[in-house]
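*Asks:* Residues 478 to 679 (the numbering used here) are what the sequence shown spells out, left to right.
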Amino acid sequence: MQQPLTVYHWPESAGSIQLEQGLLIIAIQTPPTMLRTAARQQVRLALQEVLAAQLACSPAEIELFAQPGQALKLLQPTLDIALSISHEPGLSLAAIHMHGAVGVDLMAINSAPVASELHTLATDYLGDNIADHLARTPAKELGRGFAQAWTEFEARLKCTKEHLSEWNLAREKRLAQYGCRALSLPDGYVGTVAFENLLCNS
């Protein structure tokens, strides 16, 4: 299993950012009570600065566009750069993929469902195999195990631009086409990035 992908905390890590497999993940810590609209604005500003550094231009030249229910887009038709964002109270993530689709998802472990609901959710949305694996997971590891499986599922959904729906084999095959990496995050959070691995598919 691959090591978790490095996450760069912004702006503290501004001078050490490096792409890995064409991927870059930044994290912005926010007050737990910050409204999501304010967190979104902080992420957009951070993305403009990070993308400007990667593309050797000024932040003012980085134009971002968002529609409700859709991923943030970079308005640069000559570049195939994809963006994805995820928020939890206290932390926001932004993913950049220089070579195709990307999805990132974040979960605070303390927001995972209680054990009595977890198996039903896993069976309905993640499939029997993952549900059975979670059923064998020790209770003290169950919240983290569910969060890892759920964020992988949600990150892959973002890559395909599909909405949440119950498990079916056709969807599982579509989602399996995307690579996934766990993320190195502060205690209490679990996250996954999913991405279109064009280098392997070409």
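A virtual CB, placed ideally from N, CA and C, is assigned to each residue, including glycine.
#1: Output the distance between the C-alpha atoms of residue 529 and residue 522, rounded to the nearest integer angstrom.
#2: List the whole-angstrom C-beta distance separating residue 500 from residue 670, where the pair is believed to meet the contact cut-off of C-beta under 8 Å.
#3: If the criterion is Cβ atoms closer than 8 Å, does the pair residue 579 and residue 572 meet it?
#4: Buried or exposed: which applies to residue 616, given that a residue is buried once 16 or more other Cβ atoms fall within 10 Å of its Cβ?
#5: Could you tell me the distance, in whole angstroms, from the CA atom of residue 593 to the CA atom of residue 661?
#6: Just mark residue 496 as buried or exposed, buried being the case when its beta carbon has 16 or more other beta carbons within 10 Å.
#7: Sort out for me which residues DSSP pairs residue 503 with in a bridge.
#8: What residue range is occupied by the uninterrupted beta strand (DSSP E) comprising residue 582?
*Replies:* Straight from the coordinates:
#1: 11 Å
#2: 6 Å
#3: yes
#4: exposed
#5: 28 Å
#6: exposed
#7: 485, 571
#8: 579-585
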